[in-house]
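Top to bottom, those sequences are chains H, P, R and X. Residues are numbered in our numbering as their position in the first sequence, beginning at 1, plus a constant of 72. Residues are numbered in our numbering as their position in the second sequence, beginning at 1, plus a constant of 72. Residues are numbered in our numbering as their position in the third sequence, beginning at 1, plus a constant of 72. Residues are numbered in our numbering as their position in the fourth sequence, beginning at 1, plus a constant of 72. In this text, a Cβ means the ideal position worked out from N, Cα and C, and glycines have one as well. Data block below; observations after.
There are 4 protein chains.
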Amino acid sequence: MDRFDAISPLDYRYGTGKEIAEYLSENARVKYQARVEAALAKALAKNGICSRKIAKQIADAAAKVKAEDVYAEERKIKHDVRALANMIRKRVSKEAKPFVHFSSTSYDIVDTASAIRYKEATEKLVLPKLKELEKTLIKIALRNKKVVQIGRTHGQHASPITFGFALSEYVSRLGNRIKSIEWAKDNLCGKFSGAVGSYNASSLLVKNPQKLERDIMEDLGLKISTHSTQIVEPESLQDLIHTLIGAFSVLANLADDMRNLQRSEIAEVGEYFGSKQVGSSTMPQKRNPINFENVKSLWKEFMPRMSTIYMDAISEHQRDLTNSASVRFIPEIFVGLITSVERMDKVMGKMVVDRENIERNFDLFKEIVVAEPLYILLAKYGHSDAHESVRKLALQSYKTGEGVYDLAQEDKKLIKFLKMFTKKEKELIQNPEKYIGLSVRKTEQVCKYWKKELK
Amino acid sequence: MDRFDAISPLDYRYGTGKEIAEYLSENARVKYQARVEAALAKALAKNGICSRKIAKQIADAAAKVKAEDVYAEERKIKHDVRALANMIRKRVSKEAKPFVHFSSTSYDIVDTASAIRYKEATEKLVLPKLKELEKTLIKIALRNKKVVQIGRTHGQHASPITFGFALSEYVSRLGNRIKSIEWAKDNLCGKFSGAVGSYNASSLLVKNPQKLERDIMEDLGLKISTHSTQIVEPESLQDLIHTLIGAFSVLANLADDMRNLQRSEIAEVGEYFGSKQVGSSTMPQKRNPINFENVKSLWKEFMPRMSTIYMDAISEHQRDLTNSASVRFIPEIFVGLITSVERMDKVMGKMVVDRENIERNFDLFKEIVVAEPLYILLAKYGHSDAHESVRKLALQSYKTGEGVYDLAQEDKKLIKFLKMFTKKEKELIQNPEKYIGLSVRKTEQVCKYWKKELK
Amino acid sequence: MDRFDAISPLDYRYGTGKEIAEYLSENARVKYQARVEAALAKALAKNGICSRKIAKQIADAAAKVKAEDVYAEERKIKHDVRALANMIRKRVSKEAKPFVHFSSTSYDIVDTASAIRYKEATEKLVLPKLKELEKTLIKIALRNKKVVQIGRTHGQHASPITFGFALSEYVSRLGNRIKSIEWAKDNLCGKFSGAVGSYNASSLLVKNPQKLERDIMEDLGLKISTHSTQIVEPESLQDLIHTLIGAFSVLANLADDMRNLQRSEIAEVGEYFGSKQVGSSTMPQKRNPINFENVKSLWKEFMPRMSTIYMDAISEHQRDLTNSASVRFIPEIFVGLITSVERMDKVMGKMVVDRENIERNFDLFKEIVVAEPLYILLAKYGHSDAHESVRKLALQSYKTGEGVYDLAQEDKKLIKFLKMFTKKEKELIQNPEKYIGLSVRKTEQVCKYWKKELK
Amino acid sequence: MDRFDAISPLDYRYGTGKEIAEYLSENARVKYQARVEAALAKALAKNGICSRKIAKQIADAAAKVKAEDVYAEERKIKHDVRALANMIRKRVSKEAKPFVHFSSTSYDIVDTASAIRYKEATEKLVLPKLKELEKTLIKIALRNKKVVQIGRTHGQHASPITFGFALSEYVSRLGNRIKSIEWAKDNLCGKFSGAVGSYNASSLLVKNPQKLERDIMEDLGLKISTHSTQIVEPESLQDLIHTLIGAFSVLANLADDMRNLQRSEIAEVGEYFGSKQVGSSTMPQKRNPINFENVKSLWKEFMPRMSTIYMDAISEHQRDLTNSASVRFIPEIFVGLITSVERMDKVMGKMVVDRENIERNFDLFKEIVVAEPLYILLAKYGHSDAHESVRKLALQSYKTGEGVYDLAQEDKKLIKFLKMFTKKEKELIQNPEKYIGLSVRKTEQVCKYWKKELK
């Protein structure tokens, strides 16, 4: 197959790489299913249904099956999991044949294989990459913990913070999602309860079919849902995808923030730009936040897929198969997230922070920004309508260009209150870059907390 | 306001009732915000910023504020939370005025009030009603634990189960969602960190602004997120809504199952139908599963709103306000779910189960349904290609109408294996209604487990 | 009902007003259904089934029915449309009773009433308001057609345009959506084909039941879909909602653009701010783009509901009723859009455009922005690698602060090409505010075109 | 690349095939972009900017560029469209180099190439396949136009129709969507208005840049939107995707209907089942509607992506690039639909219709189903409360098993009306299979209409 004959950008552009294929490709899907077939054989042996030798034969055969073979067989018999079983059967002795896939329904294999696959993809790809990004964010946050920046709400200058504090928002939110992803992947469930969930077939073989199920799942490191039909209860995977989309949304928010800080007029940060890099095919001067844009864009592609997950939670009776195709797209969500996390880590790691511009922007309205502390202090010293008074000063300040504090000092009604201000308070009003509250302490707290939580 | 001048079906049709309004109406929104203002005043007193007397004055005034007044004030000043503060200020002494809303930003109040409101709506409405439904399902499951029913996959007869076992799927999945809702509502967070999250204003008043925040949240019974900007981190509420949508999806699935079992040709269950009830305005004989349909329909309305929640998780810098209107629709999701749970509980509680039809349907294909145990037993006794052999018998059975087991007995290659079957095994093949695996035991297990978990 | 006991923000906050209730409330729903019952009676008379007198009796009775009465009756018989019929029947003579609702199924009434209601709501509310906004946009675009502004791509300064040109984007896109809404509302279909769409009942009364259907629809001004079941084919309404969401998306984009132009550092436009208006409950100086934010927010609420519309397009066999509740929420989409259009019109009409800041921002990078015309002209005069050469100059310009054109003049390889530039070309390179292409002409074109198209 | 290392099921499973790759793969994307570059060169020559010889050189070079080369170049310069231009430049003479990509911005190429690509994919793949399916449906509808079937609403037996009439619903709805797709693809727009839409660069070269744009678009067969920025207005593509999702929803509905008719208890239709086909890996007897399920499943995957399309309609100022990745997934929607249409055509073409079961099911409740005509006729002959009377008979009929008409004949109050029935009316009441209204005529009408419309 020519890579550029692929339809999906995940296959020709974003999701390529051996590491990802190992967990999230169709080859991986088949490989994990074969692994469940092997685990079944071992459990059958453990429960006295077949010999250990036969179990080993089956496990060895399973390890050799390839997607290609399974697809060739499927073309004949129109059933993918039976095709897999046939490919294993083909490779074992006549004695072993009956024990391949024995007493299992397709979805005992499929759903269990998906659970273990997604669990391992989360452990080996999603979480390590997210933790790398978290580390990067912590590093930048701490490095900038004292860099005073204007806080912005509604895109308007609000109250002062530090750039490190701004980033610690993402340390915290991403940390929180990492924890929730860990929790969700540990709850993924497998099943071995047969065609309709009531252990009919396995009841013909063993006294305690639930023990057989437990043996398989212990081998694979999976939980068992309280109940299953032909399929595992959808909620545990639904929870995992929700947490992935949640983490993706945190990334999208960070990307938007950085894109906005990179606007020409703001220019507080900038994506690293290579010396050979072209920004525009017609405007040679352009330097665009293409990586931040890419992350936001992938979020827009993948976020709505949560609706598919919820729709797939509805399966009639002991299951319908109207999720046959849609569940095959779930690995795409993982890949979309992984590629975005990698990209974000790379671009944040190399991001240029322009402290001069941060300061320049801070200064733009600092004489007006003091309105908040002025109002608070006036109130503190007993002014009964401080907010309204200062609001009027601010209006005046917009018109005249004079600073709010200067105007206050000219206001006869306010003077008596202003006199009550302590020296430190006055200093703060006159130097709004000191009016940053707990920005530094909080940045440290957040970074310390999440460093510890995620170690 | 004329109720039928309302636009939203929640207001003229589905969500009406005092109980719901107490938590989820606009009156409730304002009431909860006033409660946070009161909690702030108390904490200010506790931290020595104002006297207890003043705090009491404020709390008393807050308890009297009505949505109507706040809206009137908002029309003048175009700011809803300042309007609330003004309405409280109006009712307190001049000395107390400065301490109303003191050092807080609007969203300290708004987000904290939402958290406590959604927490209590969950505790007082969502969870009790879900638990009622869970009890109803447990009762019906246990009552029908031995009622043999054909298991269905792909809408096709598959392997036997019991009707109680079928229902225990929903006991389990709903139980699981109830637990997750409980977990999520306990994680809801408030905040009191000011305009940009860095405690700038409160730092002017107290040495330890985080203590002031803790005092408020302890009073209200809320957690504090590791970090906040102008707003609480969106993830804790996002998690709660996800679990609500998850529970809604379980209901929708149950509704679909029951609707299908009520089809004229299947007719295993039926919604209770009143003697004066009209089924159709033109077909007087109709009895439609309108309640099950209604639940599915409300799910279709509310499920996609999860996308709004994810979009609202993106807020630029220390917050933008592009969630100003959308968050106001969140109570609708609660009401949509609550009304569906109530309806489902009522209709399940009165649902007619037609055991005769369950049996009639079971018998339709029972001679073919034995294909599975036959294949398993043939394999158990060493047939190396049992699945394929039985598949051919089934094909023949479809053509000739003869039972699969009868055909097997005529098959020379199979006879030697059939002879090895134990008496019990033969009996089971001849009486597929006995081939129900652990259906009964599992029903009991699941019901017992969730009864205990949710008590 | 206390307005503030409402759950939906459309009922207590956004969608209030008599005009909206007339088309989009529950009262309106019932009123339109009664109107269809009247149209039916008239058509029955026209086709000789009943007398004109009886038809008039029915029409008169229908005009008097109120939602309140219908709801009271529905509580007894559990069927809303039969309840409506009963309320009409109650008001007519015994002779007329059989002809009320005669030969119709509920959805002949419901779907036809919805079509005519949504058509009229579109004609009377949506389109006039959109056209008002379009006019406002045209006015501002033309007023600013020569106000040179830097064009921005990726949030970065790109090539010069005019502010009028920027706005003409929205004149064009909104104009286009207005046309598509007009087209879609004219395609709305009614039906009168009975319980399963095959005119069974009406075939008992008239020779040509399709003529009866045509008579009703002609009376109401509706089309008839090529086929119907119990319900009208969903696609015509689906198309209308799609065009509404499309228009909503144009508004959201405009809102985002304006919000960004209002950022403190950019400040090219500003929402009008009243002298008594409060911007923040803690930061008295704040002036936030709350109206633009509100529009974006409502878009986030309503856009995902398109998924509900697509899900509701699936109705089993001759219809299931799993859209019973969800279709009741469709009027909300209209109201969400209408309220946003009104708000946008108001805020755009009063928007402050700061031409000084537009010019100030333009000047920030104008020496680099000339990179594009420089590259084009170099290529025009035969430079075979002009883009790359200018890209390098731009890199240098970023470092040194020197203008790109100045650097070019110092570059020996470029001088011979620069000499070939005409006087006008040189002037343009030195005065990038002249490099605005067809901005003015295009603004005029677009405004003229849409003024004419929508008159 | 190993096909099974692909992530997307479209690449390893569903969307494979040369035909699809020709329009919808990454190779196709690059090929179409090169084609636009060639069209540009031709238009430049036509407008006297370069010689025809140079234009030919460029066109020839463009025809040779491969995705592979472009990707290699992109790795160096980080810009995909400039990489394409470079690959063409590499292949032309020094004289021609300046005219490659001359005066165009990347998105002049990208958006125009997408428009022509999606237009041709619609013309060459989507529409022909949809029309094939339409023909198949017409054939089956006509073949079954007289096969009496019970109409079903709410899954309940309602009034009689014919199976052909049931299918003509899909003939009509699919026909309607085909027309709307044709309309939408003809409205796709290209652009050649430069970096910010105001023709700045091309204004340096020609007097009438809009003529240059028109020449290019005429060559490619595309419209031009009234306005463009760096990008084409999103609405024309948005409309096309909407119509594709609309058609997809019709397929999903048809699939659901057929799945339900295939339920074991109903069994009116069945997917063709090969003699070697395996239905279940454990239940050898199973015959599942896997193709219908697959179509529904793909709909669940692709329908929510409409939200991505709406989100991508928002692009800040003269464009941001937060759709960079998401638009690359648009071809997937085409492929998802195409593969579903092909599958649906195949499975419908071979579908088994079991007329015996259709009749058997019809007979189940035919004695109750006559309630509708009975009520209509009673009313016709003057009974003033016919619906209620027959409703009570139906209740009795459910209890006693007696037919509704039989019960009516025993009812003293009704006898006088029954006597007024004509012979034909009585016959119809006693033979509800004749109570099919216009089912046959309407089936013919619908099929004839759409055959003509789509020829």
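- Contacts with chain P (Cβ-Cβ distance below 9 Å) from the region 414-442 of chain X involve N433, L436, F437, I440, V441, V442, listed in chain order.
- In this structure H/K136 is exposed. Its beta-carbon is surrounded by fewer than 16 other beta-carbon atoms within 10 angstroms.
- Separation of P/K438 and X/S336 (C-alpha to C-alpha, rounded to the nearest whole angstrom) is 12 Å.
- Closer than 7 Å to the CB of X/Y84 there is at least one CB belonging to chain H.
- Scanning chain P for C-beta atoms nearer than 7 Å to the C-beta of H/G318 yields E307, Q310, reported in chain order.
- Around the beta carbon of P/T472, fewer than 16 other beta carbons sit within 10 angstroms, so the residue counts as exposed.
- With its beta carbon less than 7 Å from one in chain H, X/G87 belongs to the interface.
- In this structure, DSSP gives H/Q481 a helical state, which the three-state scheme calls helix.
- In the structure shown, X/Q468 adopts helical secondary structure according to DSSP, grouped into three states.
- DSSP, read as helix, strand or coil, puts H/I338 in coil.
- In the structure shown, P/A267 adopts coil according to DSSP, grouped into three states.
- Scanning the region 279-358 of chain H for uninterrupted beta strand (DSSP E) segments of 3 residues or longer gives nothing; none is fully contained.
- Check the Cα spacing between P/V304 and each of P/E414, P/R463, P/I386, P/A319: the tightest is with P/I386.
- By DSSP's assignment, R/G262 forms a beta bridge with R/I296.
- Exposed is the label assigned to X/T494, since fewer than 16 other Cβ atoms lie within 10 Å of its Cβ.
- Burial is judged here by how many other beta carbons sit within 10 angstroms of a residue's own beta carbon; H/G120 has fewer than 16 and is exposed.
- The Cβ of X/T394 sits no closer than 7 Å to any Cβ of chain P.
- Going by beta carbons, R/A127 and R/I160 fall outside the 7 Å limit.
- The region 104-111 of chain R makes contact with the region 140-156 of chain R: 3 or more CB pairs, one atom from each, lie closer than 8 Å.
- Distance between X/N259 and R/L526, taken at the CA atoms: about 19 Å.
- At a cut-off of 7 Å between beta-carbon atoms, R/N248 makes no contact with chain P.
- Proximity of chain X to P/Y447 at the Cβ level (cut-off 9 Å) is accounted for by T354, M355, P356, in chain order.
- The beta-carbon separation of H/H229 and R/E365, rounded to 16 Å, does not stay under the 8 Å limit for a contact.
- Between the alpha carbons of X/Y521 and X/S240 lies a gap of roughly 11 Å.
- According to DSSP, P/P232 shares a beta bridge with P/I222.
- The beta carbons of H/E109 and H/I130 sit about 7 Å from each other, so the pair counts as a contact at 8 Å.
- Contacts with chain H at 7 Å (Cβ-Cβ) include R/V462.
- Minimum Cα-Cα distance from R/I362 among the listed residues R/S300, R/Y344, R/K372, R/L96 corresponds to R/Y344.
- From the listed residues P/L292, P/S379, P/R224, the smallest Cα separation to P/D183 is found for P/L292.
- P/P356 sits close to X/Y447, with the two beta carbons spaced by under 7 Å.
- Proximity of the region 251-258 of chain H to the region 390-407 of chain P falls short of the contact definition, fewer than three beta-carbon pairs being nearer than 8 Å.
- In the three-state reduction of the DSSP assignment, X/V425 falls in the strand class.
- In terms of Cβ geometry, X/S300 and X/K263 form a close pair [threshold 7 Å].
- For the region 154-226 of chain H, the continuous alpha helix (DSSP H) assignments of 4+ residues that do not extend past its boundaries occur at 178-193, 199-215, in sequence order.
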